[in-house]
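Written out below as structure tokens is the structure these notes cover.
Residue numbers (this note's numbering): 4 to 88.
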């Protein structure tokens, strides 16, 4: 793990670096329910999932938010474990 930020909705995001093959990946969301606080430079083993990207379309007659599925997905971390250095 290289860098970590939390956005305005409290969602944690990370920039990951794969030690095994040397590839980095920008803006990977971490599931808020499993996030336990990570620090820059932590090494983790992660399980990834795909998350549907939805677009806000407005509100219906009752004031409920309406979202439309864009057909696109985003990779995100559903579970992880910290590896001791």
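Note that CB positions come from ideal geometry on N, CA and C, so glycine has one too.
query, result
"Under the three-state reduction of DSSP, which class applies to residue 43: helix, strand or coil?", "coil"
"Based on DSSP bridge pairs, tell me the residues matched to residue 34.", "BP columns for residue 34 are empty, so no partner."
"Are the segment 74-88 and the segment 43-60 in contact at 8 angstroms, needing three or more beta carbon pairs?", "yes"
"Let me know the secondary structure DSSP gives residue 86 once reduced to three states.", "strand"
"Would you mind reading off the limits of the beta strand (DSSP E) that contains residue 3?", "With the chain represented from 4 up to 88, any question about residue 3 goes unanswered, as that position is not in the structure."
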